[in-house]
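Chemist:
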Amino acid sequence: MIPEIQTRPIAHLASGDTISLQIYRFVGDRPGKKAYLQSNLHGAEVSGNVILHQLVGALCDLDASQLQGEIWIVPSCNPLATNQRSHHFSSGRYNPYTGHDWNRIFWDYEKFAVAHPRDYGIAEFAERYRDAEPEEIVREFRQQIRTAFAGIADRFETPESLPYEERYRYRLQDLCLDADYVIDCHSSTNQAVDYLYCFHDRQPSAQAFLLPYAILMHDYDGDAFDEAFCKPWLALERELAKRDRQIVFDIEAWTLEIGSGMDADADAVYRGLRGIKNYLASKGIIRFPKYPLVRTLSHKVEFFERSQLVEYYAPYGGTLSVQPVLGSVVTAKQRLYQLVSPQENGIRTHDVSARQRGIVFDIARNCSLNEGELVLSVMEYEAGDDASFL
Ligand SMILES: [Zn+2]
410 MIPEIQTRPI
420 AHLASGDTIS
430 LQIYRFVGDR
440 PGKKAYLQSN
450 LHGAEVSGNV
460 ILHQLVGALC
470 DLDASQLQGE
480 IWIVPSCNPL
490 ATNQRSHHFS
500 SGRYNPYTGH
510 DWNRIFWDYE
520 KFAVAHPRDY
530 GIAEFAERYR
540 DAEPEEIVRE
550 FRQQIRTAFA
560 GIADRFETPE
570 SLPYEERYRY
580 RLQDLCLDAD
590 YVIDCHSSTN
600 QAVDYLYCFH
610 DRQPSAQAFL
620 LPYAILMHDY
630 DGDAFDEAFC
640 KPWLALEREL
650 AKRDRQIVFD
660 IEAWTLEIGS
670 GMDADADAVY
680 RGLRGIKNYL
690 ASKGIIRFPK
700 YPLVRTLSHK
710 VEFFERSQLV
720 EYYAPYGGTL
730 SVQPVLGSVV
740 TAKQRLYQLV
750 SPQENGIRTH
760 DVSARQRGIV
770 FDIARNCSLN
780 EGELVLSVME
790 YEAGDDASFL
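The opening position of the sequence shown corresponds to residue 410 in the numbering used here, with each subsequent residue numbered one higher.
(1) Around ligand 1, what residues have a beta-carbon under 5 Å from a heavy atom of it, in chain order?
(2) Within its chain, find whatever has a CB closer than 7 Å to the CB of V459; leave out the 5 residues flanking it on each side and keep chain order.
(3) Just to confirm, does E566 get its C-beta within under 7 Å of one of the non-hydrogen atoms of ligand 3?
(4) CA-CA distance, N779 and V749?
(5) Among Y445, E454 and F435, which one has its Cα closest to the Cα of G466?
(6) Can you tell which of T664, G781, I419 and G681 has its C-alpha closest to the C-alpha of H462?
(7) Using CA coordinates, which residue listed in A473, I561, E661 and L706 is at the minimum distance from F608?
(8) Return the CA-CA distance between L735 and N599, expressed in angstroms with no decimal places.
(9) What span of residues does the beta strand (DSSP E) with V769 cover, start to end?
(10) How big is the Cα-Cα spacing for A532 and F515?
(11) If A615 and V710 are in contact, beta carbons under 8 Å, what's the gap, nearest whole angstrom?
(12) Would F389 be called buried (16 or more neighbouring beta carbons within 10 Å of its own) or exposed?
(13) Within 8 Å, do at least three Cβ pairs link the region 486 to 502 to the region 445 to 455?
(14) Should Q552 go down as buried or exposed, given a rule of 16 or more other Cβ atoms within 10 Å for buried?
(15) May I have the straight-line CA-CA distance separating D589 from G478, to the nearest angstrom?
(16) Check the C-beta distance from Q475 over to R696 and give it rounded, since I have them as a contact under 8 Å.
(17) Which ranges would you report for the beta strand (DSSP E) in the region 590 to 676 if only whole runs of at least 3 residues count?
(18) Rounded to the nearest angstrom, how far is the Cβ of L464 from that of I694, given a contact under 8 Å?
(19) Compute the beta-carbon to beta-carbon distance between T491 and A617, rounded to the nearest angstrom, for a pair I have assumed lies under 8 Å.
(20) With a CB to CB cut of under 6 Å and the five nearest residues on each side skipped, what residues in its chain are close to D593?
(21) Hey, how far is the Cα of I768 from the Cα of I624?
(22) Does the distance from the CB of L729 to the CB of R580 come in under 8 Å?
(23) Do L783 and Y722 have their beta-carbon atoms positioned less than 8 Å apart in this structure?
(24) Suppose you measure from the CA of P724 to the CA of V455; what does that come to, to the nearest Å?
(25) Less than 7 Å between C-beta atoms, sequence neighbours within five positions excluded: which residues of the same chain meet that for Y790?
Below is the structure:
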């Protein structure tokens, strides 16, 4: 398959240059679902770029009969953040104009619907379509979202126009509003284990990514990219359920956290690509040779609540001199890390113990730590749950 490659401008700069999104669009020979994949929304998180470039290569090796539907791929979805530097180092997590996290800026239809209940209310929609076929509900709800979203574009042309952040998010969300599956590839800013975020009732699909851990999304505000896409559908499912209509739409959004920041480690790329190919094959949208892998059925994902993740902050400034192995299990009172800390009366070593049993989930990339900076995180769990991790 040869992808259609689109270049969509997102900002005209003072220098006269234009930065753009590059989109790879693969279209199968039969209509079907649409998958949308992006990476590098946070500037320092680059393993997804390599994963998605390799996915483009893998899709090029197939023919159109092996794809049912469409796959859209945007490997570098936030060029402004990707190109941001401080000395050799990428940061790119925050919009330099507003200070906002680039992954907390997105347009959320559910919030829009609350503000405009008469035309866009989700409860009202559920009441109207409670007895309709699922296909009709999906088609009509998607159209309702699309109509609300289109109103933003009109504001581009007003005399006061729109700030960059709102222009950018419109252009990015415009690519995936009609998707069925959305995958947003991230990495930890630090060194971290691989995991994903999982929404309500989507646990069975999470397995296909073949990652060891998942954090369940019970609390969210809708402004992250995956949330903004999925949340209106979850709200609709809830409203239909209140009317005795139980439907879980085959509409899903995933944030994958693969590998470490500023790194494109070959093993992490392998794991990420394998998971994405396996997910797309499990959904039946693509037929890769040997996928879905046989091991998918026996793969076990450990699901955690976000509240189980405990962050440890440096009690003093200093240098991290001893650190645990990433992904290892620590027990209560076991030494977790050591800080070499210059104090008024000389250099002191400071040992910090784990407060409870857990898995070392991430560790600071920078071993030089100011007081109050993140040292590491531990995903805590009860001792009785050990068997499933070891
Ligand atoms: Zn990120």
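In this text, a Cβ means the ideal position worked out from N, Cα and C, and glycines have one as well.
As the structure is a prediction and not an experimental result, all values here were calculated from the model.
Modeler: The short version:
(1) Those residues are H451, E454 and H595, given in chain order.
(2) Around V459: A673 and V678.
(3) By its list of ligands, the structure shown excludes ligand 3, since it contains just ligand 1.
(4) Our two residues, N779 and V749, have alpha carbons roughly 12 Å apart in a direct line.
(5) That would be F435, whose Cα lies nearest to the Cα of G466.
(6) Closest by alpha carbon: G681.
(7) Considering only alpha carbons, the answer is E661.
(8) Going by the C-alpha atoms only, they are around 11 Å apart.
(9) That run of the beta strand (DSSP E) goes G767 to I772.
(10) Rounded to whole angstroms, A532 and F515 show a C-alpha spacing of 22 Å.
(11) Correct: roughly 5 Å between the Cβ atoms.
(12) As shown, the chain starts at 410 and ends at 799. That puts residue 389 outside it, with no answer to give.
(13) Enough Cβ pairs lie closer than 8 Å, so yes.
(14) Label assigned to Q552: exposed.
(15) In a straight line, the C-alpha of D589 is about 10 Å away from that of G478.
(16) That pair is a contact at about 4 Å.
(17) If only uninterrupted beta strand (DSSP E) runs of at least 3 residues are considered, those enclosed by the region 590 to 676 are 590 to 597, 604 to 607, 622 to 625 and 661 to 669.
(18) Your pair L464 and I694 does not check out as a contact, with CB atoms roughly 13 Å apart and the cut at 8 Å.
(19) Going by Cβ atoms, the distance from T491 to A617 rounds to 28 Å, so no, they are not a contact pair.
(20) Excluding sequence positions up to five before and after D593, its CB lies within less than 6 Å of the CB of Q447, F634, D635 and T664, all in the same chain and listed in chain order.
(21) Roughly 13 Å separates the two Cα atoms.
(22) Between L729 and R580, the C-beta spacing is not below 8 Å.
(23) Taking the C-beta atoms as reference points, L783 is found nearer than 8 Å to Y722.
(24) Taking the straight line joining both Cα atoms gives about 31 Å.
(25) Taking C-beta separations shorter than 7 Å and ignoring five residues to either side along the sequence, the partners of Y790 in its chain run Q717, R766 and G767, following chain order.
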